[in-house]
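Colleague:
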Amino acid sequence: MKEKIITIGPYHPLQEEPELFKLYCDGETVKNVEWVTGYNHRSIEKLSEGKTFDQSFFLVERVCGICSTSHPFAFANCIEEIVGVEIPNRAKYIRSIIGEMERIHSHLLWVGLAGHFLGYNTVFMWAWKYREPVLDLFEMISGNRNSYAMFKVGGVRRDIPNDLIPRVRKVVADVKKKCDLLTGAVMDDPVIHARTKGVGVINRKEVIEYGALGPTARAAGVEIDVRRDDPYAAYDMVDWKVITAQQGDVFAKAEVRLLEMYESISIIEQCLDGLEKLPEGDIETLVKEIPAGIGFGRAEAPRGEVFHFVETDGSQYPKRHKIRAPSYMNIPTFKVSAVGQTISDSTIALAAVDPCYCCTERMAFVYDWKSGKKLFNGEDLIKFGQLKTDDVKRKLEKNNS
Amino acid sequence: MTKEELYRQLEQNLEHYNVIINKVKSNRVIIDVSADDIVELSKYFLQTLKCRLVTATATQPERDFEIYYHFSHDETGLIMNLHVRVPYDQPEIKSIATLTKSANWIEREMHELFGIEFEGHPEKGPLISDGNWEPGEFPYRKKT
Numbered sequence: 001m002k003e004k005i006i007t008i009g010p011y012h013p014l015q016e017e018p019e020l021f022k023l024y025c026d027g028e029t030v031k032n033v034e035w036v037t038g039y040n041h042r043s044i045e046k047l048s049e050g051k052t053f054d055q056s057f058f059l060v061e062r063v064c065g066i067c068s069t070s071h072p073f074a075f076a077n078c079i080e081e082i083v084g085v086e087i088p089n090r091a092k093y094i095r096s097i098i099g100e101m102e103r104i105h106s107h108l109l110w111v112g113l114a115g116h117f118l119g120y121n122t123v124f125m126w127a128w129k130y131r132e133p134v135l136d137l138f139e140m141i142s143g144n145r146n147s148y149a150m151f152k153v154g155g156v157r158r159d160i161p162n163d164l165i166p167r168v169r170k171v172v173a174d175v176k177k178k179c180d181l182l183t184g185a186v187m188d189d190p191v192i193h194a195r196t197k198g199v200g201v202i203n204r205k206e207v208i209e210y211g212a213l214g215p216t217a218r219a220a221g222v223e224i225d226v227r228r229d230d231p232y233a234a235y236d237m238v239d240w241k242v243i244t245a246q247q248g249d250v251f252a253k254a255e256v257r258l259l260e261m262y263e264s265i266s267i268i269e270q271c272l273d274g275l276e277k278l279p280e281g282d283i284e285t286l287v288k289e290i291p292a293g294i295g296f297g298r299a300e301a302p303r304g305e306v307f308h309f310v311e312t313d314g315s316q317y318p319k320r321h322k323i324r325a326p327s328y329m330n331i332p333t334f335k336v337s338a339v340g341q342t343i344s345d346s347t348i349a350l351a352a353v354d355p356c357y358c359c360t361e362r363m364a365f366v367y368d369w370k371s372g373k374k375l376f377n378g379e380d381l382i383k384f385g386q387l388k389t390d391d392v393k394r395k396l397e398k399n400n401s
Numbered sequence: 001m002t003k004e005e006l007y008r009q010l011e012q013n014l015e016h017y018n019v020i021i022n023k024v025k026s027n028r029v030i031i032d033v034s035a036d037d038i039v040e041l042s043k044y045f046l047q048t049l050k051c052r053l054v055t056a057t058a059t060q061p062e063r064d065f066e067i068y069y070h071f072s073h074d075e076t077g078l079i080m081n082l083h084v085r086v087p088y089d090q091p092e093i094k095s096i097a098t099l100t101k102s103a104n105w106i107e108r109e110m111h112e113l114f115g116i117e118f119e120g121h122p123e124k125g126p127l128i129s130d131g132n133w134e135p136g137e138f139p140y141r142k143k144t
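These protein sequences, in sequence, are chains A and B. So the first sequence is numbered by our numbering: it starts at 1 and just counts up by one. So the second sequence is numbered by our numbering: it starts at 1 and just counts up by one.
1) May I ask which residues mark the beginning and end of the alpha helix (DSSP H) holding A/E263?
2) Does the Cβ of A/D225 have 16 or more other Cβ atoms within 10 Å, making it buried, or fewer, making it exposed?
3) At a Cβ threshold of 7 Å, is A/V238 touching chain B?
4) Would you decide whether B/K101 is buried or exposed? Buried here means 16 or more other CB atoms lie within 10 Å of its CB.
5) Can you pull the chain A neighbours of B/H70, defined as C-beta to C-beta under 8 Å?
6) So, is the C-beta of B/K43 closer than 7 Å to a C-beta in chain A?
7) How would you list, in chain order, the residues of chain A whose beta-carbon sits under 8 Å from the beta-carbon of B/L127?
8) Could you check what DSSP says for A/M140 in three-state terms: helix, strand or coil?
9) Since A/E305 and A/G248 are thought to touch, with beta carbons under 8 Å apart, how far apart are those beta carbons, to the nearest angstrom?
10) Can you pull the chain A neighbours of B/V54, defined as C-beta to C-beta under 7 Å?
11) Could you spell out the range, first to last residue, of the beta strand (DSSP E) harbouring A/G119?
12) Exposed or buried, A/S56, counting other C-beta atoms within 10 Å across all chains shown (16 or more means buried)?
13) Identify which residue in A/Q316, A/L275 and A/D313 has its Cα closest to the Cα of A/Y93.
14) Inspect the beta-carbon positions of A/L137 and A/V171 and report whether they are closer than 7 Å.
15) So A/M329 and A/A185 are in contact, right, with Cβ under 8 Å, and what is the actual spacing, rounded?
16) What residues match up with B/S72 in a beta bridge as DSSP calls it?
17) Please state whether the Cβ-Cβ distance between A/R131 and A/L108 is less than 7 Å.
18) Starting from A/I243 and walking both ways along the beta strand (DSSP E), at which residues does that stretch end?
19) Could you check whether the Cβ of A/E361 sits closer than 7 Å to any Cβ belonging to chain B?
20) Specify, as a first and last residue, the run of the beta strand (DSSP E) that B/D32 falls within.
21) For the alpha helix (DSSP H) containing A/A338, name the first residue and the last one.
22) Nearest to B/V145 by alpha carbon, out of A/H116, A/E49, A/G9 and A/Y210?
23) Using 10 angstroms around the beta-carbon of A/T360, count the other beta-carbons present and answer buried if the total reaches 16, otherwise exposed.
24) Run through chain A and tell me which residues come within less than 7 Å of B/N27, C-beta to C-beta.
25) Ends of the beta strand (DSSP E) at A/C25?
26) Using 7 Å as the limit for Cβ to Cβ distance, is A/R227 near chain B?
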């Protein structure tokens, strides 16, 4: 039989970000995978060389919209390593709280998307509904639902005042109850079992070969977690454990993410206990200048280790800034997890590594493909949507009357 | 294995090579090595010490290029960096992508950004510059 090529992307309705995957198929079975990247290279490393250390925090936050605290986290660790500064305990607790809240919202987002990819939209709706209070909490603490701008060299920009702590506790307790529901639903559902068990498997040896990270590695029994291995912020001041599974399939990756949320909740609660014992406002150690040197900063993002390397020369700009996000290591594992699968399973196998390519498109235009003339813009499309809704409403009212 | 045991093992096993071991901090080490030894030493780090290649960074602080191969020893939390110099006039170094697949993308990226050639790389295609910039143009390379 002749080999057929099926493409996912570069602009695909399921994957909003641009990347092209070519699946070489024999009938329904995927035989090989190739990819094309570079549709959206944003040159963040080069841009960083023209930004001061304070400005770079806002830049690296925009590497990814979902794990937007992990990059400032690693960058702060990196710069503080060069300066050799110890930050106050209150700032350490706040950093860890923000980091763990981000893990909860990112994992909930992933669980929702995984449900959506499987055609199980109830899970999608639940997970995203439960994610909302966490985003509201971010807004309460930092003023933003995304890109929180909480980090700076030597500490954090905003305090979590003690009178806000009970509200944080309440949201976290509510999220825990919702996690119980969600975990129960995912763990017991025969349809989810059928679609995810034995699908998209990556074993321990392959994880090590590809250098895979985060839940992708931990689901295959490779117990790596920077929070424990090379502790930073408040992670060595609280009790928690690294969650692992053995099977390496999509189900195991989901299991690791779901159970990790409980650990995150426990870390947040312990950090809040710590905050209550400390005086308000002590959130920063003043850093006047960054000396010449080399620093390595790591942080465990929801998807795995984020790595920053900075070389400084005593000026207020980095001389070289290298950023390695976890998806850079995890996306190549798709080659292992998709080959041998059916085409329908390959989408969830890809989604299971939680790939993050870049940022999302914000504009929509419709062009006439022959003349190249612009027909409609985003506002027109919204107007059409509203007109259609009104039309449906009218028809329903007519039928009911 | 503790950090101290690892340091001792490093010093014993690397004494036959032309290396300088710099302990930057208690959990950060930079090892200056010759470009000829890079494959052999990477093999030692990956297979004997069971390290993980985090990534590699190419820089151009002066005229010549420098590459840091960042290896992580997860058991102790130690980051060990192999540091090599690559001459500007002949930017060539042996590829370690045959040892670990995790080096595949980063070597291709370093080639596209700095123009460093990785000899023996199994998959020499563009990674990030597919149709985006002129062949032979290396955007991160400083002209000297």
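By construction, the Cβ of each residue, glycine as well, lies at the ideal position given by its N, Cα and C atoms.
Modeller: If we stick to the structure as given:
1) Working through the first sequence from its first residue, we reach residue 263 of chain A at position 263. Element bounds for A/E263: V250 to E276.
2) By 1-based counting over the first sequence, the position of residue 225 of chain A is 225. A/D225 is buried by the Cβ-count criterion.
3) Counting from one through the first sequence, the residue named residue 238 of chain A turns up at place 238. By this cut-off, A/V238 is not an interface position.
4) Counted from its first residue, the second sequence places residue 101 of chain B at position 101. A residue is called buried once 16 or more other Cβ atoms fall within 10 Å of its Cβ, and B/K101 is buried on that count.
5) In the second sequence, counting from the first residue as 1, residue 70 of chain B sits at position 70. Under the 8 Å cutoff, chain A gives F296, F307 and F309.
6) The count along the second sequence starts at 1 and reaches residue 43 of chain B at position 43. False, the Cβ-Cβ gap to chain A never drops below 7 Å.
7) Counting from one through the second sequence, the residue named residue 127 of chain B turns up at place 127. The answer, in chain order, is T37 and G38.
8) By one-based count along the first sequence, residue 140 of chain A stands at place 140. Looking at A/M140 - three-state DSSP - the assignment turns out to be helix.
9) For the purposes of this step, residue 305 of chain A is identified with residue 305 of the first sequence, where counting begins at 1. For the purposes of this step, residue 248 of chain A is identified with residue 248 of the first sequence, where counting begins at 1. Actually they are not in contact, since the Cβ atoms of A/E305 and A/G248 sit about 18 Å apart, beyond 8 Å.
10) Position 54 of the second sequence, counted from the first residue, corresponds to residue 54 of chain B. Here the neighbours are F307 and R324.
11) For the purposes of this step, residue 119 of chain A is taken as residue 119 along the first sequence, with counting starting at 1. Segment: none, A/G119 is in no beta strand (DSSP E) and carries neither H nor E.
12) As a working note, residue 56 of chain A is residue 56 in the first sequence. Buried is the call here.
13) Working through the first sequence from its first residue, we reach residue 93 of chain A at position 93. When each option's Cα is compared against that of A/Y93, the closest is A/L275.
14) In the first sequence, residue 137 of chain A corresponds to position 137, counting from 1. In the first sequence, residue 171 of chain A corresponds to position 171, counting from 1. Their beta carbons are under 7 Å apart, which means A/L137 touches A/V171 by this criterion.
15) Here residue 329 of chain A refers to the residue found at position 329 of the first sequence. Here residue 185 of chain A refers to the residue found at position 185 of the first sequence. Not really, about 31 Å apart at Cβ, beyond 8 Å.
16) Taking the second sequence and counting its residues from 1, the one referred to as residue 72 of chain B is at position 72. For B/S72, which the question treats as bridged, DSSP gives the partners B/R52 and B/I79.
17) Here residue 131 of chain A refers to the residue found at position 131 of the first sequence. Here residue 108 of chain A refers to the residue found at position 108 of the first sequence. Result yes, Cβ atoms of A/R131 and A/L108 sit closer than 7 Å.
18) If you number the first sequence from 1, residue 243 of chain A lands on position 243. For A/I243, there is no enclosing beta strand (DSSP E), as DSSP marks it with neither H nor E.
19) As a working mapping, residue 361 of chain A is identified with position 361 in the first sequence. Confidence is the limiting factor: at A/E361 the pLDDT is only 30, short of 50, which leaves the residue's position unreliable and the question unanswerable from this model.
20) For the purposes of this step, residue 32 of chain B is identified with residue 32 of the second sequence, where counting begins at 1. Boundaries of the beta strand (DSSP E) around B/D32: R28 to D32.
21) By 1-based counting over the first sequence, the position of residue 338 of chain A is 338. Where A/A338 is concerned, the enclosing alpha helix (DSSP H) stretches over F334 to A338.
22) In the structure as shown, chain B begins at 1 and stops at 144. Residue 145 of chain B is therefore absent and cannot be evaluated.
23) Stepping through the first sequence from its first residue, residue 360 of chain A is reached at position 360. Any reading at A/T360 must be qualified, since the residue scores a pLDDT of 26, below 50, and its modelled position is unreliable; the value itself is stated next. Exposed, because fewer than 16 other Cβ atoms sit within 10 Å of the Cβ of A/T360.
24) Your numbering for residue 27 of chain B matches position 27 in the second sequence. Those are D230, listed as they occur along chain A.
25) One-based indexing of the first sequence puts residue 25 of chain A at position 25. Membership of A/C25 in the beta strand (DSSP E) is indicated by the continuous run L20 to D26.
26) The residue given as residue 227 of chain A occupies position 227 in the first sequence. Output row for A/R227: interface = no.
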